[in-house]
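Structure, as structure tokens:
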């Protein structure tokens, strides 16, 4: 349950939102920095932003030793604000920049090394991008990431695809993904309890299986039904009081 905040003085602060004191402060040297947690090598964090040389870089940190990055890599020489998305299922990091016309993507392996996979080029620069939840990806077309690219005058859908000849479900491309269900109630989290996210299989044969664990979210219909029962209970109690 850690959070990270990138500050204007080129430092980042890691803290537990349930406490008032920061857990750790590290100097990244980044302008317009962003921090992303990952869990490939024990537990770690990406730091991305603009360096003092005017280029974009990413750093990989080990949460057990934040004094210096494990890996440093120069992404590009763009001056625009960096845009990031990390997919914890495929361990892929997508990087672009405001005004830039390329989206570069990398894969983080289990040893903490980053591998450049490819890039997506566009004819004009983007204002930003948004990636959809993994459960919205079409496995029949081997779409591993579904996104919207924001331009000055339009929004364009862009799918990232791994070509496969087989029409069968690719288990290696689609591990269990975040189910969109909270694993804790607000009271449990505030009390200090931590729990892993609730996951759901993307295998079409298991699409009707109920998600295990998690917290039941009350719908509007649930609240209306509960309110109706409470009103009936009140009438019943009022009738008993009137009969005395």
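Numbering (our numbering), first residue to last: 17 to 260. No residue lacks a Cβ here, since even glycine has one placed at the ideal position from N, Cα and C.
Residue 184 and residue 156 have their alpha carbons spaced roughly 8 Å apart. Three or more beta-carbon pairs separated by less than 8 Å link the stretch 106–122 to the stretch 132–142, which places the two stretches in contact. Distance check between residue 154 and each of 172, 179, 171 places 179 closest, using alpha-carbon atoms only.
111 is the residue among 260, 23, 111, 168 whose C-alpha sits nearest the C-alpha of residue 147. DSSP places residue 144 within a strand segment (E or B) once states are collapsed to three. Contact between residue 77 and residue 60 is confirmed by a C-beta separation of about 6 Å, below the 8 Å threshold.
For a cut-off of 8 Å, the C-beta gap from residue 167 to residue 140 is around 6 Å, short enough to register as a contact. Straight through space, the alpha carbons of residue 138 and residue 205 are spaced by roughly 43 Å. A Cβ-Cβ contact shorter than 9 Å links residue 90 with residue 73. Closest by C-alpha distance to residue 108, out of 126, 94, 23, 114, is 126.
Note on geometry: alpha-carbon atoms of residue 17 and residue 102 lie some 17 Å from one another. At the C-beta level, residue 212 and residue 190 stay beyond 9 Å of one another. Runs of the beta strand (DSSP E) lying entirely within the stretch 160–188 and spanning at least 3 residues, in chain order: 171–177. Contact between residue 150 and residue 100 does not hold, since the beta-carbon distance rounds to 17 Å and is not under 8 Å. Per DSSP, residue 204 lies in no beta strand (DSSP E) segment; the continuous alpha helix (DSSP H) that holds it begins and ends at 202–206. Under the three-state reduction of DSSP output, residue 78 falls in the strand class. Residue environment analysis places residue 237 among the exposed positions, since fewer than 16 neighbouring C-beta atoms fall within 10 angstroms of its C-beta. By the 16-neighbour rule on beta-carbons within 10 angstroms, residue 30 is buried.
Burial check for residue 163: the Cβ neighbour count within 10 Å reaches 16 or more, so the residue is buried.
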